[in-house]
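Everything in the sequence shown is counted per the UniProt record's numbering, starting at 1 for the first residue and increasing by one.
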Amino acid sequence: MAEPAAEPAAESGAGPTVGAVAEGADGRTRLDDARIVGRLERLEEVLSRLEQVPGPTTETALDAVTLLVEVYGEALARVMDRLALQPGLAGELAGDELVGHLLVLHGLHPAPVAERVARAIDGVRPYLRSHGGDVQLVGIEDGVARVRLSARGCGSSTALLREAVDAAVAAAAPELSGVEPVRAGGPAAFIPAEALLSRPVPHAPEGVA
């Protein structure tokens, strides 16, 4: 098997580079968040270019990607089956940003969608407040997160804050179709308590008592 391509060397005299390759506790080469983002962006670019070149070779390549994703998804599902037998471990694993995104992608995240959206809103709120804005989750209806967004300043500032909210919600709950702002004083949508607190019922993997 061919050795992986070496990462570009840091400039002489420079400090730690953003996105530098690190070594894990097990001695294996690891990627930090910046390089992971870079690779995901590159993957998206490559897939987009493939889709623009019709033909049997492209179809074969895309089929290979689909099959690979399905196999990895099943592997993740089996991992989550076993973690479900150890209280707290599944949630701890899902707390890792990269792993959490993969679990969401495969429909395996242990937290329900309403809880994930609420956390995303809480996470983006400090940024909005630092720019004179705020956001509140009103509810989730028909696959749409409804939010009450307030902002000071020009329309472009409001648009930037809206983009931040949209991005945070999309990352936390890609299964939703979008985010819809509601007017101040508008009726709040009802979110059942069980939607916020419940978890998918874990099932024991075959062969495990």
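Note that beta-carbon positions come from the ideal geometry of N, C-alpha and C, so glycine has one too.
What is the residue span of the beta strand (DSSP E) that residue i lies within?
i	result
residue 180	178–181
Between which two residues does the alpha helix (DSSP H) holding residue i run?
i	result
residue 34	33–51
residue 100	97–105
residue 139	From DSSP, residue 139 is part of no alpha helix (DSSP H) but of the beta strand (DSSP E) over 134–141.
residue 125	113–130
Indicate the three-state DSSP secondary structure (helix, strand or coil) for residue i in the structure shown.
i	result
residue 85	coil
residue 108	coil
residue 151	coil
residue 145	strand
residue 210	A question about residue 210 goes unanswered here, because the residues of the chain that appear run from 1 up to 209.
residue 73	helix
residue 173	coil
residue 56	helix
residue 158	helix
On the DSSP bridge assignment, give the partners of residue i in chain order.
i	result
residue 281	Missing from the structure shown is residue 281; the chain here goes from 1 to 209 and no further.
Once the 5 residues before and after residue i are set aside, which same chain residues still bring their CB inside 6 Å of it?
i	result
residue 143	176 and 177
residue 61	50
Our contact map puts residue i next to residue j with C-beta atoms below 8 Å; I'd like the distance itself, whole angstroms only.
i	j	result
residue 125	residue 135	6 Å
residue 145	residue 104	Not confirmed; about 14 Å, so no contact.
Using C-beta distances below 7 Å, list every residue in its chain close to residue i, excluding the 5 sequence neighbours before and after it, in chain order.
i	result
residue 83	89, 90 and 93
residue 195	No answer about residue 195 holds up, because its pLDDT of 40 lies below 50 and its placement is not dependable.
Near residue i, which residues of its chain fall below 8 Å by C-beta distance, leaving aside the five closest residues on each side in sequence?
i	result
residue 171	101 and 120
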